[in-house]
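Undergrad: One structure is given below, represented as structure tokens, and several questions about it will come after.
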Amino acid sequence: MYNRRDKPSHNFTYNLSTLAFRNVHHIVRRQIPIARRRLDQQMTTMVLVRVIIYVCFLLPYVIYRIYAINVPVTQNDLLQYSIRQLIQTLFQSLSAVNFTISFYIFILVSPRYRRQIKFLLIRKYWRKCKAYCCGNRNQIGPMAIDPIDENIELE
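In the numbering used here, the protein residues as written are 1 to 155.
Structure (structure tokens):
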């Protein structure tokens with residue numbers, strides 16, 4: 001069954017791919033500093049790879065839906081119905097990967113993104129975890145004093 005909440009995602013992806021395509025043409029024509037041009041190229045590459053992966057993961061589900069609409073099956077044929085349900089579930093799961101794969105695509109495609117993730121994970125969170133787990137070993141604290149034994153007489 002078609003899921004209506006998928007529609008904004010398709011429109012968003014289409015718009016991003018169109019903007020990325022236009023950006024490729026603008027990068028070639030503009031006279032901008034090399035560093036900025038590299039960043040634009042990385043961003044464009046990230047978006048284009050994301051769109052290609054999106055289409056590859058969504059296409060099997062779309063093809064299945066077209067097939068399922070044009071070739072209906074009755075619920076009386078349980079084997080055929082079960083096979084279709086299994087295929088539909090597999091393709092829906094495959095299309096759901098689209099929402100989680102962006103992080104991994106960006107890690108693979110963009111060196112700048114990798115540096116930012118490394119900075120975030122190592123310099124910020126790793127130090128906080130290390131300080132929390134290991135604690136500060138140079139702290140001053142009270143020493144444990146043995147209780148006074150009342151049976152001992154003072155001289």
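We put the CB at the ideal spot given by N, CA and C, even for glycine.
Quick check: the Cα distance between Y113 and Y67, rounded to an integer number of angstroms?
TA: Taking the straight line joining both Cα atoms gives about 40 Å.
Undergrad: Leaving out five residues on either side along the sequence, give the residues of the same chain with a beta carbon under 6 Å from the beta carbon of T45.
TA: V109
Undergrad: If distances are taken between C-alpha atoms only, which option among C133, N15, L90 and F106 comes closest to Q42?
TA: F106
Undergrad: What span of residues does the alpha helix (DSSP H) with Q80 cover, start to end?
TA: L78 to A96
Undergrad: Report the three-state DSSP secondary structure of V188 (helix, strand or coil).
TA: Past the edges of the chain, shown from 1 to 155, lies residue 188, and the structure says nothing about it.
Undergrad: Let's test the definition: count the other Cβ atoms within 10 Å of the Cβ of Y104 and tell me whether it reaches 16, buried, or not, exposed.
TA: exposed
Undergrad: Relative to the C-alpha of T89, which residue among D40, R65, I101 and F99 is closest?
TA: R65
Undergrad: Where I52 and R36 are concerned, what is the direct C-alpha to C-alpha distance, given to the nearest angstrom?
TA: 24 Å
Undergrad: Pick from I145, P33 and V62: whose alpha carbon is nearest that of S93?
TA: V62
Undergrad: If we ignore side chains and look at the alpha-carbon of each, how far apart do L84 and C56 end up?
TA: As written in the sequence, residue 84 is Arg, which differs from the Leu given in the question. Going from the Cα of R84 to the Cα of C56 covers about 21 Å.
Undergrad: Tell me which residues share the same chain as S82 and place their Cβ nearer than 6 Å to its Cβ, disregarding the 5 neighbours each side in the sequence.
TA: Here the set comprises nothing.
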